[in-house]
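Comments concern the structure below.
Residue numbers (the numbering used here), protein chains in the order written: chain A, 1 to 347; chain B, 1 to 371; chain C, 1 to 252.
Next up, the structure:
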């Protein structure tokens with residue numbers, strides 16, 4: 001068996017023996033997909049409210065009935081004006097509707113900012129439905145008629161998982177050998193040092209491919225995302241990104257001497273920027289200029305944008321040329337940088 | 001015989017101070033999170049580019065267009081000839097929302113039967129699309145209501161009602177104020193779960209933990225000595241974060257700051273106990289970190305940090321009762337933004353206490369001096 | 001005289017693998033007791049059971065009068081331990097490591113100071129008092145680990161392969177240290193795979209594949225084998241004794 005192949009085999013054995021980590025590596029994408037697909041949302045399920053009533057006019061009764069019978073609103077009770085502060089502050093209700101003199105005052109607990117806007121407009125629309133205004137609005141959702149948020153986060157999950165597995169795990173694996181001293185033994189072997197490290201990457205590459213398949217299968221069959229559109233383009237893009245992540249892990253490993261430091265660097269330089277600046281959870285458009293500049297060097301940002309274009313809008317390779325070129329450039333830069341640092345360290 | 005605890009703690013502190021990376025990082029984390037995160041976590045969508053196709057060219061339709069133009073949420077895009085051109089612009093990514101006002105819109109509205117205005121949104125980004133539609137609808141409705149009031153159209157076919165919305169506790173609707181307390185929690189989370197875990201796993205991997213196991217030092221003494229410095233560190237960092245929040249964002253707790261510290265303290269108890277459990281059952285550092293990371297991700301996503309718990313399906317909501325972050329996020333937000341009283345949050349504090357006790361029992365139980 | 005260590009049929013199994021197979025022996029106060037054997041013979045596993053680091057699968061044992069199964073925490077206050085990896089805190093200084101363990105074993109602060117200085121002087125180490133352990137060469141770490149193991153003047157000290165990886169001169173010096181400590185009345189229980197170190201011990205056992213193949217004074221074992229093979233005593237080395245025993249074990 002060639003030396004390289006035996007190194008790869010050793011790395012595989014390391015990983016396969018650590019059953020727990022491997023389980024997590026394979027299960028995490030599934031879990032994230034399920035969480036994002038079914039548990040995380042900003043939809044309104046239930047708004048607990050209280051009502052302050054001055055006089056029981058027919059309009060008031062009408063509104064009360066409308067609120068009470070609505071399945072998404074729970075009318076907890078009628079309160080006095082003086083109690084409004086207390087019920088909102090203690091969190092018993094999310095909103096209080098004050099009905100007085102034909103006016104309606106919807107007091108929202110805006111501390112729960114993400115919900116309060118929707119809650120406010122929802123309550124308003126219920127109250128308004130009692131009135132007549134011949135205004136109707138029809139809506140069309142382009143590319144995503146059912147408004148599936150999956151279209152949004154699946155690319156983000158991919159971006160995160162690949163960096164996590166390829167970059168972080170490779171990095172920690174390399175640094176671990178450095179720390180334990182076993183790296184020196186490997187360096188004395190008749191193989192170029194860079195191949196040792198590449199041997200380390202092979203198992204994680206394979207694991208990432210498995211994860212890619214899992215994510216795509218889940219997206220298609222469980223979350224109903226269109227995947228079949230441009231499969232070759234999508235796969236090329238993902239493989240490119242996986243390689244980039246491996247290179248990133250390699251590069252970071254040259255910077256750290258102990259596992260603890262490696263991990264902390266990975267967390268600060270990779271995880272946090274990805275979660276914050278890649279467009280995965282928070283829209284890139286809203287970033288202040290400085291952060292926007294920084295986001296340009298976060299690889300995940302380009303990846304996620306490209307994946308969205310391919311998966312949701314069905315663009316072919318030509319449509320994501322810009323992103324692809326940038327990702328390629330980053331990969332090459334990281335690779336060259338790593339080799340240089342690696343060789344430097346040996347002298 | 002005097003307790004070994006002070007001696008062990010002194011060792012931990014000496015090691016921490018001598019470490020080149022950790023103390024600096026510990027200081028940097030709250031700064032980074034509190035300063036940068038709020039700038040980033042802006043879930044409200046602004047600058048939605050809109051194209052209005054006005055085929056009516058009436059007073060009403062131009063009022064609608066004005067309202068849209070004046071809204072913070074929208075940015076008016078160059079006009080398009082017709083719908084298909086607008087859609088093309090949308091596919092090129094230059095337009096997010098198309099508002100089509102049909103011909104005779106005003107005439108028919110006044111006549112009491114409405115022609116629908118159609119809104120077309122680019123829903124690749126579902127949140128953006130959905131919110132765009134929502135804001136646009138609201139804007140259109142308020143424009144129409146306004147004209148109705150002005151022209152005195154309180155006719156039988158045209159009743160509008162006076163509905164006003166008041167935002168309490170966050171009058172500016174500032175998303176940052178909403179996120180800051182939650183971000184402080186992330187600070188504690190990072191300090192009190194990852195750092196103790198790394199600490200224990202390092203001792204395990206270097207073998208120094210075995211040397212301790214052969215001494216009469218008891219399990220709880222060893223664990224406590226490791227954790228107490230991190231509890232204190234967490235409290236210091238919360239204090240620092242609160243100061244930063246005041247200095248940079250002008251955010252001051254509406255309620256009693258002591259409640260916040262108490263919440264943070266109980267939370268750090270919980271999470272550090274949890275990390276000890278993981279350290280006890282892990283063999284290598286890599287493994288421990290991944291297991292911890294796995295759980296931390298669940299906690300963060302499911303505890304109301306980014307999306308509300310009430311929006312989750314029932315089974316997920318039940319799960320969150322076992323997650324410490326859920327309670328402390330509620331405590332932080334309520335005390336900071338609403339000035340909620342200690343007594344009103346008794347459930348959250350109690351649950352934190354119960355979870356802490358449970359985790360510690362498990363932690364001591366899973367730490368085996370003799371295998 | 002009651003033995004300071006007494007073991008009967010002590011066994012440790014990991015799944016289907018028996019690492020320590022029904023061993024029995026006694027160790028008396030003040031002696032240097034050697035536990036010899038090849039790597040993997042079960043020496044370290046046996047020692048860990050005596051230190052309270054590992055539960056015996058079967059059998060019984062007492063150390064300083066306490067049961068290894070039920071009273072391991074009590075044993076720990078009376079013993080010292082030096083592991084194969086000299087587990088010291090690399091980011092603490094020599095003095096800090098020593099003071100830490102002195103405190104852990106309940107010594108008063110003043111006593112610790114006195115004892116630390118005493119040990120450092122004895123080993124001519126005083127000027128390295130404030131060096132970080134991570135910066136010390138291996139031989140010094142070894143001596144430091146020994147000092148830490150004996151800082152509280154325990155009646156019994158366990159040394160697990162204490163001379164691994166150092167040159168012969170340093171090894172010799174280390175054994176001088178061990179013998180000096182034994183002279184003060186401390187019982188030494190030491191495992192090693194260096195057969196020549198057996199000469200330094202009062203009595204030794206030889207472990208092969210988890211069982212005890214010999215238990216006696218080194219001189220007696222050499223004499224026995226010499227008699228058996230018909231050669232003179234001085235030609236016999238402990239290594240030859242070991243090979244002989246190991247081969248016998250294989251044939252059985």
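For every residue, glycine included, the Cβ atom is placed at its ideal position computed from N, Cα and C.
### Query
From residue 115 of chain B to residue 122 of chain B, what distance separates their C-alpha atoms?
23 Å
### Query
Given a threshold of 16 other Cβ atoms within 10 Å of its Cβ, counted over all protein chains shown, does residue 347 of chain A qualify as buried or as exposed?
Note that residue 347 of chain A scores a pLDDT of 47, beneath 50, so its modelled location is shaky and nothing firm can be said.
### Query
Ordered along the chain, which non-local residues of its own chain (more than five positions away) have a Cβ less than 8 Å from that of residue 74 of chain A?
46, 47, 48, 49
### Query
Roughly how far, in whole angstroms, is the beta-carbon of residue 79 of chain C from the beta-carbon of residue 94 of chain C, given that I think they are within contact range, below 8 Å?
Actually they do not touch by this definition, with Cβ atoms about 22 Å apart.
### Message
Please determine whether the Cβ atom of residue 297 of chain B lies at a distance below 8 Å from any heavy atom of the ligand ATP.
### Response
Absent from the structure shown: the ligand ATP. Ligands present: none.
### Task
Can you give me the Cβ contacts of residue 33 of chain B inside the same chain, cut-off strictly under 7 Å, excluding the 5 residues immediately before and after it?
183, 186, 187
#### Entry: contact_flag[the region 148 to 162 of chain A, the region 97 to 115 of chain A] where n(CB pairs < 8 Å) is 3 or more
no
### Task
Could you confirm whether any beta carbon from chain B is found closer than 9 Å to the beta carbon of residue 184 of chain C?
no
### Task
Report the rounded CA-to-CA distance for residue 67 of chain B versus residue 170 of chain A, giving the unit in angstroms.
54 Å
#### Entry: Spatially closest choice to residue 15 of chain A from A:136, A:91, A:173, A:58, by CA coordinates
A:173
### Query
What does residue 213 of chain A pair with, by DSSP beta-bridge criteria?
Paired residues: none, contrary to the question.
### Query
Hey, which unbroken runs of the beta strand (DSSP E) at 3 residues or more fall wholly within the region 63 to 105 of chain A?
73 to 78, 95 to 100
### Message
Give me the chain B residues within the contact set of residue 55 of chain C, using Cβ-Cβ distance strictly less than 9 Å, ordered along the chain.
### Response
370, 371
### Task
Compile a chain-ordered list of the residues in the region 189 to 202 of chain B whose CB is closer than 8 Å to at least one CB of chain C.
none
### Query
Does any residue of chain B bring its CB to less than 9 Å from the CB of residue 162 of chain A?
no
### Message
Give the list of continuous alpha helix (DSSP H) stretches no shorter than 4 residues that lie fully inside the region 203 to 248 of chain C.
### Response
218 to 229
### Task
Say whether chain A places a C-beta atom closer than 9 Å to the C-beta of residue 168 of chain B.
yes
### Message
Rounded to the nearest angstrom, what separates residue 233 of chain C and residue 222 of chain B at their Cα positions?
### Response
53 Å
### Message
Assuming residue 97 of chain B is part of the beta strand (DSSP E), what are its boundary residues?
### Response
97 to 101
### Message
Quick check: the Cα distance between residue 168 of chain A and residue 298 of chain B, rounded to an integer number of angstroms?
### Response
19 Å
### Task
Return yes when the Cβ of residue 302 of chain B is within less than 9 Å of the Cβ of residue 24 of chain A, no when it is not.
no
#### Entry: Opposing strand residues paired with residue 49 of chain B [DSSP bridges]
B:75
### Query
Beta-carbon separation of residue 238 of chain C and residue 213 of chain C under 9 Å?
no
### Message
I want to verify the contact list: residues of chain A whose CB lies under 9 Å from the CB of residue 344 of chain B, in sequence order.
### Response
86, 89, 90, 91, 92
### Classification of residue 63 of chain A by the beta-carbon crowding that lies within 10 angstroms, buried from 16 upward
buried
### Query
Quick one, which residues of the region 226 to 246 of chain B are near chain C if we go by CB-CB under 7 Å, in chain order?
none
#### Entry: Which of helix, strand or coil DSSP assigns to residue 117 of chain C
helix
#### Entry: Distance between residue 77 of chain A and residue 90 of chain A (C-alpha atoms, nearest Å)
15 Å
### Query
So what does residue 132 of chain C bridge to, in DSSP terms?
C:93
### Inter-residue Cα distance where the pair is residue 281 of chain B and residue 226 of chain C
52 Å
### Task
Output the distance between the C-alpha atoms of residue 320 of chain B and residue 72 of chain A, rounded to the nearest integer angstrom.
21 Å
### Message
Quick check on DSSP: helix, strand or coil for residue 317 of chain A?
### Response
helix
### Task
Would you list the one or two residues that DSSP bridges to residue 160 of chain C?
C:191
### Task
Apply the 10 Å Cβ neighbour rule to residue 96 of chain B and answer buried if 16 or more other Cβ atoms are within range, or exposed otherwise.
buried
### Message
Quick check on DSSP: helix, strand or coil for residue 353 of chain B?
### Response
helix
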